[in-house]
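Student: Just so it is clear: in the sequence shown, position 781 is 781 by UniProt numbering, and no numbers are missing.
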Amino acid sequence: MLSYATEGASSSSSFTPQRKYDVFLSFRGEDTRYNFTDHLYNALIQRGIRTFIDNDLTRGEEISAALLKTIEDSRISVIVFSKNYASSKWCLDELVKILECKESKQQVVWPIFYKVDPSDVRNRRGSFGEAIVQHEHKFKDDIEKVNRWRTALSKAANLSGSHFFDGYESKFIHEVVEEISAKVLRCTYLNVAKHLVGIQRRQGRMEKLLGVGENDVRMVGIWGIGGIGKTTLAKAIYNSNADKFEGSCFIENVGENSTTHGGLVQLQQSFLFEILGKKTLEVSNVDRGINVIKERMRDKKVLLILDDVNQLDQLNSLAGGCDWFGSGSRIILTTRDTRLLDGHQVHSIYEVDGFDFDEALELFSWNAFKRNVPLNDYMELAKCAVDMAKCLPLALTILGSHLCGRSTDQWQAALESYKRVPKKDIQDILKISYDALEYSLKEVFLDIACFFNGKNLDYVKQKLECCDLDPVIGIELLKEKALITIDREEFGLAFKIQMHDLLEELGKEIVRQESPTEPGKRSRLWFHEDVYHVLTENTGTDQVKGIMIQLPQPEEIRLSAKCFSKMKNLKFVINCNASLSGDVDYLPNELRFIDWPGCHLQSLPFNSNRKKLVVLNMPNSLIRQLGEGFKNMQNVKSINLEGCKYLTRTPDFSGTPSLERLNLDRCAQLVEVHPSVGVLSKLVRLSLMDCSNLENFPTRLHLKSLEFINLRGCRKLENFSEIDGMMDKLSYMNLGGTAIKELPLSIRYLNGLRILILENCGSLTNLPCSIYEWQNPFGLYLSRCSNLFSFPSRMNSEASSSAGPLPLLLSTNHRTLDDTCGPAVSPWNSLSTLHSLDLSRLNFVSLPEWISKCSNLKWLDLSCCKGLREISELPPTIGWLSVAGCVSLEIFSKLSNLLKHNDLQGLMWIDLSHCHRLRDNLCYDSTMMDNVVQKNQVLRYMEFGVLLPGSKVPQRFNPVTLNRGYFPEEYTAFVELPSKWGNKRLGLCAVVETRGDESGPCQMSASISIKDERRDYFNVFISLPGGSSADHVWLQYCTLSGIPYDKKDPIAVKWRFVIYGGTVSFKSCGFCLDCPQDDEKDEDQWLPSTSLSLEKMNPRKRKHIQDEDGDDEKDEEEWLPSTCLSLEKTNPPRKRKHIQEEEDHNLVAVNNTSANPPKDNWLSLSFKLNQ
1 MLSYATEGAS SSSSFTPQRK YDVFLSFRGE DTRYNFTDHL YNALIQRGIR
51 TFIDNDLTRG EEISAALLKT IEDSRISVIV FSKNYASSKW CLDELVKILE
101 CKESKQQVVW PIFYKVDPSD VRNRRGSFGE AIVQHEHKFK DDIEKVNRWR
151 TALSKAANLS GSHFFDGYES KFIHEVVEEI SAKVLRCTYL NVAKHLVGIQ
201 RRQGRMEKLL GVGENDVRMV GIWGIGGIGK TTLAKAIYNS NADKFEGSCF
251 IENVGENSTT HGGLVQLQQS FLFEILGKKT LEVSNVDRGI NVIKERMRDK
301 KVLLILDDVN QLDQLNSLAG GCDWFGSGSR IILTTRDTRL LDGHQVHSIY
351 EVDGFDFDEA LELFSWNAFK RNVPLNDYME LAKCAVDMAK CLPLALTILG
401 SHLCGRSTDQ WQAALESYKR VPKKDIQDIL KISYDALEYS LKEVFLDIAC
451 FFNGKNLDYV KQKLECCDLD PVIGIELLKE KALITIDREE FGLAFKIQMH
501 DLLEELGKEI VRQESPTEPG KRSRLWFHED VYHVLTENTG TDQVKGIMIQ
551 LPQPEEIRLS AKCFSKMKNL KFVINCNASL SGDVDYLPNE LRFIDWPGCH
601 LQSLPFNSNR KKLVVLNMPN SLIRQLGEGF KNMQNVKSIN LEGCKYLTRT
651 PDFSGTPSLE RLNLDRCAQL VEVHPSVGVL SKLVRLSLMD CSNLENFPTR
701 LHLKSLEFIN LRGCRKLENF SEIDGMMDKL SYMNLGGTAI KELPLSIRYL
751 NGLRILILEN CGSLTNLPCS IYEWQNPFGL YLSRCSNLFS FPSRMNSEAS
801 SSAGPLPLLL STNHRTLDDT CGPAVSPWNS LSTLHSLDLS RLNFVSLPEW
851 ISKCSNLKWL DLSCCKGLRE ISELPPTIGW LSVAGCVSLE IFSKLSNLLK
901 HNDLQGLMWI DLSHCHRLRD NLCYDSTMMD NVVQKNQVLR YMEFGVLLPG
951 SKVPQRFNPV TLNRGYFPEE YTAFVELPSK WGNKRLGLCA VVETRGDESG
1001 PCQMSASISI KDERRDYFNV FISLPGGSSA DHVWLQYCTL SGIPYDKKDP
1051 IAVKWRFVIY GGTVSFKSCG FCLDCPQDDE KDEDQWLPST SLSLEKMNPR
1101 KRKHIQDEDG DDEKDEEEWL PSTCLSLEKT NPPRKRKHIQ EEEDHNLVAV
1151 NNTSANPPKD NWLSLSFKLN Q
C-alpha cells in the first residue's frame, strides 16, 4: 500500500559514518613485525588503503583506551595469527575488542593464519594451548578473562580468512591485499557534506520506511524540490546501509546521464558491474540490459539508489519491478516529480521538507562562520541571509560560503544588492556567489557547468590548463565556495569533479543569456541542436570559445568549409560521437585543444602560426599528410594519431620542443619517422606499435626524458638507433616482432631499463655485451628469436666481473642451449637474481647444469622441448614448472622425489601433459599422484595442481557426469556442505580428450566462488598443448580456508574450458572434500553419498519443474542436474556411514525459486566449455 510521510524540520548534530582507518592490524610483534606484517602494511598503504599499525614497542599491562578507540574506528580488522600470538595478553585483548566490534558495528574481520594451523587456533593446540595454560596459571583469580580469550580464539578461527603455510609471501600478500581492497572499495562511503544538519531524524524516518532486515523487496521514493537535500539524504542512507547487502550501487544524475552517449545502456552496465564486478559483461541495448538485470539480480539482496530520476523509462530500464530483485532488496528513488513514483510499485514516498529557521541558521553558520551559531556581531545579518535563502540547504551552503570571512560592511552591501533583485528564486540566490567570482574563476565555473561536470579531475585540469586557466587554484577556490565537490569515480581510485545540477543549470543559463536567440554569439556551445545549427549554417562568431559535440545518438554532421572561420577566439573543439564530414579549410589560431577522433580531413588546415596548440588528439583519422603547421608548435605537449592508416611520413618535429607524448600506433602505411623525433628533449612516451611498413627510424636517439618506447610489430624495421648520451629514465623498451638484426653497444646508456622485449625478432643474431653495464635488475624477453646464436661474453664488456645486474626474467630460445653449441654453457655468469625462465621449444637432450644454480628461480617453462630426455636437478625454489610436450623425456629427478613423498617446498603447479615416456618409465597415474598429494607433508596444506596423461578419475573422487552441448554452456549443481568444513580442501578432477590439432592449445580455468558473489576465492589457468590425440587428467587441489563457511548461501565451483585452435572434450569429472591428515581424529567426516549426473535442458525452450506442492515453476534456459548430491556425515575413522537414502529427502530443487533454500552451506559445481 502506498503511503506518504513528511518530516518536519528538526535540528541535529553533524552525522557521518566515516571511519578513521580502513584496516586495523592485530599481530604479535616478535613474530612478524619486521617481516610479514611490515610487508603487508606497506602493500596496503601502496594500494591506497588507510591502515593502522601499532608501532609502540613499550606496552603497558592494559590495552590503551586510544587503541580500543582505533579498533572501533576501523572498517576491517586483520588478525595475523602467528606462533606466539596467544602468548600476548595485549593481542588477546585486541582480539576480544575486535570481535565485539564485529557484533556491534558489523566490522569485517579477516584472520590470517601465518604458518599456523587454523584448527590449532580453534582448539587451542600447540603454542596456542600452551599459552592459554600459562594464562590460566597467571590469571587464576580472573578466570573469566581467560575464558573470554579462549572463546575469542575459537570464534576468530571459524571466520573465513587466509592461510599461509609456505610458498611465496609476496604472492600471498598480493592476494590478501586484493581481497581486502575488494571489501574496502565495495563498501566505500559516498562523499557527503561535512556538516549534515538535521540528517538524523530524516534518516531515521527513512529507515522506518525502508525496514532494512525484513525479507520483502521494497521501493521507496524520496521526493522534494531541487536543492532541498534529497541526494544528501540518499547518500547518508547508502553509507549507513551498504554493508548490509550483498551488493550496493548508487547511480547519480540518472536523468542527465540517460540522455548522454550510451545513455540507459551505459547506466545498466554500470549497475551490473558495481554489483557483479564483471567488466566483460556487455549490454547491447536497453531490452537486453533489462533481461540481464532481471536474471542476475533476482537472487541477490541489493541496495540500489537511483538519484534524480525524471522519466519513467529510466525506472523501467533499471528497476522495473520488485520481482527483479532478491529477498531483502531495497530500491530508493529520488526525484522532483511525484507522478513518476505514483505509478511505479513504490511502497512509500518520503517528502523532504525544507529546514525550519533554527536548522537553516545552523547550516548557514557552519558555512559562514565554521561554527554552529553566528558570531554575535553578525547575528542579525545572518538571520537576514537565512530569510533570503528561503531555508533551502543548497542556497544556505552557497550563500554562507560566499559571505565567509567578510566584514559586516561587506555583508550589508551584499545583502542590500540582493534585495534589489525583483525575482528572488533559487537561481538568483545561487548567482550571488557567481557574480562575486573573479573573471578567471567565472571562466572555470562556466567551463565545468557547460562541458566538464562529472568528468575525470585530471582530464578537466588538462583542458583548463590548455586555456591559460589555473586549474589547481581555480578548482580549489570553487570547492571552498561550495560550488563544486571532488568525488571518487565510480569504479576506481581516480577522482571526478561534481557540480550540483542546479548550479550546472545556472551556468548554462548564464551562457544562454549571452545571446538568447543566436547560439553562434555565445561563448560556449554544448547543446547538440545549437552545435548543429552553428556548424552547418556558418553562424559562429568570435564570441565562441569552446565547442563540445555530443549527440544523443551518433550521426553525421556535414560541415561548412568556413564553419570555423569566424570563430577567431575558439580555444577547444571536443567531438564525442559525431561523424563530421565536408571540407574545412580553416582552423583558428587560438585553438589550444583539438579532440577530433575519426577526422575525415586528409590534411590539416594548419598555417605556420600554431604556437598556442597544446593537445592534438585525432586517432583513426583519414589524414595523409600533416603539412607545415608543425614547424612552429612551441607549446604542443601531446599528439595522438593512432590508427591513421593513410599517414606515410611524419613531419619535422623540431618545431615542437615541448612535446611529451607521441602516439603513432597502428599507422599501417607509415614508412618514415623524421629524425627530429630522436632529439625531443621533453619526450616521455613514444609509441609506434604495429606500424607494419615502418622502415626508417631516427638513426640516433638523445631523449633524456624518455620513459617508454614501443616499436612492437614494426616488422620491416631492421636497424635500431644509436643511443647518443645517457637516457637513464627509460624503463620500458619493446622491440618485439621487428626485423632488427642487432642492438648497438651504445644501449649501455639505457641504465634505467627494467623491461627489454625482443620476442619474435627472427633476424636478431646477437646481443651486445654492454647490457652487463646496466645497474638495475631487468626482464629480458627473447622467445622465438630463431637466429640468436649466442649470448654475449662478459669478458668483452667494460664492466667488471662483479658489476652489472642479471635479468629477473629471461624468456628465450637461443641456440646456446642446443646440443651443437654446448648445453653446459651458461648465458650469464651469475643467475642469482633470475626469477623466471622460458626455454620452451629448444632442441637439447638434457637440461644445462647451470640452471640448478639459479637460486631464486620460481617459474620455469620447458614445454615442447621434444629432444629433452633428462632433467637431473632443478633449483628447490621452483613453484611453477611445465614440461608439456616433452615427448622424449624419461628421467626427471624432481618428479621422482615427489613420487617418493619427499617434501618439495613451494611447488604449486606441474604440467606433464604429453609426457607419455616419462609416465611409462616412472609408472605413475592419477591415483598415485592423488595419493602423493595427500601424504606429502607440504602439499597437503597448499594449493597444488598437476596435468598428466591418463584417463581415470581417482577412486576417492565423487564422479560427476557432464554432457557437452554445441555451444559454450555452463553446468551447475549444488552440494550440501557440513557445518565444519573451513579447514578442509577441495579436490577437483577432470579427464579431457585432446584430438590432434596443431593449430593451437586448449586453455582451461577453474574457479571457486560463493553463489552470486562478485569475486572468486580461487582461480587457476592452464594451457594444454595441441598436436596429438590423447587423454589427460587434471588434478587441482584448493584450500577452502578463505571461503566464509558461516554463510547460508550456496557455493559455486566453476570450471570453464576455452579452446583456441585445439579440440578438447570432457570424458569424466569428479571432486572430493578432504582435510589434512593431522586434523582432529574425532572430527566429523563428510563424504559424498551419491554421484551427480548433469543433464542438459533444451536452451531454447522452457522446462517445467514440479515443485513439492505440485505447482509448475518455469525456469528459462537453465541447466539442471538430474539428481543432486549431498554430503553425509561419517563416523571416524574416515569410513562412509551407511545411510538408507530416501529419494525425497536427498533431492533438492535446483534453480527453483519456489523451493525453500537449504539451511546449511551448499557447494555448487559449475563447469563451462567454450569452443
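Built from N, CA and C at the ideal position, the CB exists for glycine as well.
Grab me the residues of V192's own chain with a C-beta within less than 8 angstroms of its C-beta, minus the 5 sequence neighbours each way, in chain order.
Tutor: Start at 1 with the first residue of the sequence shown, and residue 192 comes out as number 192. Answer for V192: T16, T232, K235, A236, N239, listed in chain order.
Student: Does the segment 256–268 come into contact with the segment 327–344, if we say contact requires no fewer than three beta-carbon pairs (one atom in each stretch) closer than 8 angstroms?
Tutor: At 8 angstroms Cβ cutoff, the stretches do not touch.
Student: Okay, do the segment 517–524 and the segment 495–502 touch, 3+ Cβ pairs below 8 angstroms being the bar?
Tutor: Counting Cβ pairs under 8 angstroms, fewer than three are found: no touch.
Student: Grouping DSSP H, G and I as helix and E and B as strand, with all else coil, what is F36?
Tutor: Within the sequence shown, numbered from 1, the residue matching residue 36 stands at position 36. Correct three-state label for F36: helix.
Student: Please report how far the alpha carbon of I878 lies from the alpha carbon of K935, in whole angstroms.
Tutor: The residue you call residue 878 lines up with position 878 of the sequence shown. The residue you call residue 935 lines up with position 935 of the sequence shown. If you take the alpha carbons of I878 and K935, they lie about 20 angstroms apart.
Student: What ranges does the alpha helix (DSSP H) occupy inside the segment 124–188, keeping only unbroken runs of at least 4 residues that lie completely in it?
Tutor: Fully enclosed alpha helix (DSSP H) runs of 4 or longer: 126–138, 143–157, 169–186.
Student: Determine the DSSP secondary structure at V373, reduced to helix, strand or coil.
Tutor: Stepping through the sequence shown from its first residue, residue 373 is reached at position 373. Correct three-state label for V373: coil.
Student: Given this structure, state the Cα-to-Cα distance separating E1113 from S327, to the nearest angstrom.
Tutor: Start at 1 with the first residue of the sequence shown, and residue 1113 comes out as number 1113. Start at 1 with the first residue of the sequence shown, and residue 327 comes out as number 327. Confidence in E1113 is poor, its pLDDT being 37 and thus under 50, which makes the residue's placement unreliable; the coordinate value appears in the next sentence. Each residue's Cα considered, the two are about 18 angstroms apart.
Student: Is any beta-carbon of chain C found at less than 8 angstroms from that of L415?
Tutor: Judged by its chain identifiers, the structure shown contains no chain C, having just a single protein chain.
Student: Let me know the secondary structure DSSP gives S348 once reduced to three states.
Tutor: Along the sequence shown, one-based indexing puts residue 348 at 348. Here S348 sits in strand by DSSP.
Student: Are the beta-carbon atoms belonging to K900 and V1033 less than 8 angstroms from one another?
Tutor: Position 900 of the sequence shown, counting from 1, holds the residue named residue 900. Position 1033 of the sequence shown, counting from 1, holds the residue named residue 1033. In this structure, V1033 does not lie closer than 8 angstroms to K900 by Cβ.
Student: Quickly, what does DSSP pair T485 with across the bridge? List them, please.
Tutor: As a position in the sequence shown, residue 485 is number 485, starting the count at 1. Its beta-bridge partners are Q498.
Student: DSSP three-state call for N239: helix, strand or coil?
Tutor: For the purposes of this step, residue 239 is taken as the residue at position 239 of the sequence shown. DSSP places N239 in helix when its eight states are reduced to three.
Student: Write down every uninterrupted run of the alpha helix (DSSP H) in the segment 302–357 whose length is 4 residues or greater and which is fully enclosed by it, in chain order.
Tutor: Entirely contained in the segment 302–357, the alpha helix (DSSP H) runs reaching 4 residues are, in chain order, 312–318, 338–342.
Student: Do you know how far the Cα of N35 is from the Cα of I910?
Tutor: By one-based count along the sequence shown, residue 910 stands at place 910. By one-based count along the sequence shown, residue 35 stands at place 35. Taking the straight line joining both Cα atoms gives about 29 angstroms.
Student: Whole angstroms are fine: how far does the CA of D724 sit from the CA of L753?
Tutor: Looking up residue 753 in the sequence shown gives position 753. Looking up residue 724 in the sequence shown gives position 724. About 16 angstroms.
Student: Taking the alpha-carbon positions, what's the K704 to T656 distance?
Tutor: On the sequence shown, residue 704 is found 704 positions in, with the first residue counted as 1. On the sequence shown, residue 656 is found 656 positions in, with the first residue counted as 1. Taking the straight line joining both Cα atoms gives about 16 angstroms.
Student: Classify L626 as helix, strand or coil using the three-state DSSP reduction.
Tutor: The residue labelled residue 626 in the question sits at position 626 within the sequence shown. If DSSP states are grouped into helix, strand and coil, L626 belongs with coil.
Student: What beta strand (DSSP E) runs, 3 residues minimum, are completely inside the segment 670–751?
Tutor: With a minimum length of 3 residues, the continuous beta strand (DSSP E) runs that stay inside the segment 670–751 are 685–687, 708–710, 732–734.
Student: Of all the options L842, T397, I871, which has the alpha carbon lying nearest to the alpha carbon of S864?
Tutor: For the purposes of this step, residue 864 is taken as the residue at position 864 of the sequence shown. The identity of residue 864 in the sequence shown is Cys, whereas the question assumes Ser. Looking at the Cα atoms, L842 is the closest of the given residues.
Student: Taking L483 as the reference, which of F357, S401, E438 has the closest Cα?
Tutor: Translated into the one-based positions of the sequence shown, residue 483 becomes position 483. Selected option, being the one with the closest Cα: S401.
Student: Excluding sequence positions up to five away, which residues of its chain have a Cβ less than 6 angstroms from the Cβ of G540?
Tutor: To locate residue 540, count along the sequence shown from 1; it is residue 540. G520, V534, K566, M567.
Student: Could you check what DSSP says for E504 in three-state terms: helix, strand or coil?
Tutor: Position 504 of the sequence shown, counted from the start, is the residue given in the question as residue 504. Helix at E504.
Student: Confirm, please, whether the CB-CB distance from G1070 to F957 is below 8 angstroms.
Tutor: Working through the sequence shown from its first residue, we reach residue 957 at position 957. Working through the sequence shown from its first residue, we reach residue 1070 at position 1070. Cβ atoms of F957 and G1070: closer than 8 angstroms.
Student: Which one of Y439, F944, E295, L756 has the shortest CA to CA distance from D166?
Tutor: Locating residue 166 in the sequence shown gives position 166, counting from the first residue. It is F944 whose Cα lies nearest to the Cα of D166.
Student: Kindly give me the distance between the Cβ atoms of G227 and P393, rounded to whole angstroms, as I take these residues to be in contact under 8 angstroms.
Tutor: As a first step, residue 227 must be located in the sequence shown, where it is residue number 227. As a first step, residue 393 must be located in the sequence shown, where it is residue number 393. The Cβ separation is near 7 angstroms, so the contact holds.
Student: What residue range does the alpha helix (DSSP H) around W90 cover?
Tutor: Looking up residue 90 in the sequence shown gives position 90. It spans 89–105 - the alpha helix (DSSP H) in which W90 sits, taken as one unbroken run.
Student: Out of Y418, G474, L659, state which residue places its alpha-carbon closest to the alpha-carbon of L430.
Tutor: What you label residue 430 is simply residue 430 of the sequence shown in a count that begins at 1. Ranking the options by Cα distance to L430, first place goes to Y418.
Student: Do you know how far the Cα of S621 is from the Cα of A578?
Tutor: Within the sequence shown, the letter at position 578 stands for residue 578. Within the sequence shown, the letter at position 621 stands for residue 621. Rounded to whole angstroms, A578 to S621 spans 13 angstroms at the Cα level.
Student: If contact is defined by three or more beta carbon pairs under 8 angstroms, each pair taking one atom from either stretch, is the segment 642–660 in contact with the segment 623–634?
Tutor: Judged by Cβ distances under 8 angstroms, the segment 623–634 makes contact with the segment 642–660, as three or more pairs qualify.
Student: Got a sec? Which residues, its chain only, sit under 7 angstroms from Q625 by beta carbon, not counting five neighbours each side?
Tutor: Taking the first residue of the sequence shown as position 1, residue 625 is located at position 625. Hits under 7 angstroms: S603.
Student: Residues bridged to R919 by DSSP?
Tutor: Walking along the sequence shown from the start, residue 919 turns up at place 919. Paired residues: none, contrary to the question.
Student: I need the straight-line Cα distance from N538 to S560, nearest angstrom please.
Tutor: Counted from its first residue, the sequence shown places residue 538 at position 538. Counted from its first residue, the sequence shown places residue 560 at position 560. So the two alpha carbons sit approximately 6 angstroms from each other.
Student: Using CA coordinates, which residue listed in F369, E773, T397 is at the minimum distance from A360?
Tutor: Taking the sequence shown and counting its residues from 1, one reaches residue 360 at position 360. Ranking F369, E773, T397 by Cα distance to A360 puts T397 first.
Student: Just mark S1126 as buried or exposed, buried being the case when its beta carbon has 16 or more other beta carbons within 10 Å.
Tutor: To locate residue 1126, count along the sequence shown from 1; it is residue 1126. Below a pLDDT of 50, predicted positions are generally treated as unreliable, and S1126, at 29, falls in that range; no measurement from the model is reported.
Student: Grab the span of the beta strand (DSSP E) containing G247 for me, first residue to last.
Tutor: Here the question's residue 247 lines up with position 247 in the sequence shown. It spans 247–251 - the beta strand (DSSP E) in which G247 sits, taken as one unbroken run.
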